[in-house]
């Protein structure tokens, strides 16, 4: 069997874009021509690469396995050719957690753009990130130590949390003078009650069942805490401004989420411009001087 390089590359692009139409536009072909290439490739391989799920085109398990093997070689080819082609597009896409935009990413991006005005930066929400990261994009996420990824991961800063509330809530709540007293407080949760259960376990306390306020992400959680809705475990690194301004008050010094961290995830064949941005974000995170911390309540 002669190796179907063209069809394999087309298949690789369909997986990358998740769309026959986008692939056709990228290759300056018709959608029908792309579809025919995929069908010929399936015929040569002897198994299906895609199946229809409603109007969506989904990769089969064997299709996904093949795509994973093809991704790095084709990325390496793209990386090599683009670096040798002058005036190639200078556009980088960052998929970022909402909670990191205002306190961390946006100030750094403004400084980066001052020294790299030629680059176009596209900032998108983390939730819109594709499964496949090309050589011009990165994800900014929270990770646990056992995170497995086909991409490179660069740790940035810790995700350790502390219990905090607003002065308004503290003035209206029952006295909070020891960890056990938090069991009677309005506890706010990020995703689930797991973080609070783990935090209480260090004091041999158990979080009881009952009504819970659960927020989809930390950004919503922080807004609810600032509004005086209750007590939340918030990453210290992301609430420095609020702690200094005393709009949030640290209740106890004991930390939770001790193994979680924030970091970057990117393609091993990232373009040189993206690598520059990654190095800048990593160095900026390492060099950030810790702001003055508010004094935890005893």
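In the working numbering, the protein residues as written are 680 to 977.
Here a beta-carbon is modelled for each residue, glycine too, at the ideal position from N, C-alpha and C.
As the structure is a prediction and not an experimental result, all values here were calculated from the model.
By the neighbour-count criterion, in which 16 or more other beta carbons inside 10 Å mark a residue as buried, residue 914 falls on the buried side.
With respect to the 8 Å criterion, residue 728 and residue 739 are classified as neighbours on the basis of their beta carbons. For residue 834, the CB contacts under 7 Å within the same chain, skipping 5 residues up- and downstream, are 940, 942 in chain order. Residue 799 has 770 as its beta-bridge partners, per DSSP. Using a Cβ-Cβ distance cut-off of 8 Å, the stretch 785-804 and the stretch 929-939 are not in contact, since fewer than three pairs of beta carbons, one from each stretch, lie closer than that value. Under the three-state reduction of DSSP, residue 725 is assigned to coil, being neither helix nor strand. With a contact defined as Cβ atoms closer than 8 Å, residue 884 and residue 858 qualify at about 6 Å.
Judged by DSSP in its simplified three-state form, residue 732 adopts strand. The DSSP assignment places complete alpha helix (DSSP H) segments of no fewer than 4 residues inside the stretch 898-926 at 919-924, in order along the chain. If you look at residue 846, you'll find it isn't in any beta strand (DSSP E); it sits in the alpha helix (DSSP H) that goes 846-851. Rounded to the nearest angstrom, the gap between the Cα atoms of residue 723 and residue 878 is 56 Å.
Note: residue 938 is not bridge-paired with any residue in the DSSP secondary-structure output. An exposed status is given to residue 730, since fewer than 16 other beta-carbon atoms sit within 10 Å of its beta-carbon. By the Cβ neighbour-count rule, residue 755 is exposed, with fewer than 16 other Cβ atoms within 10 Å of its own.
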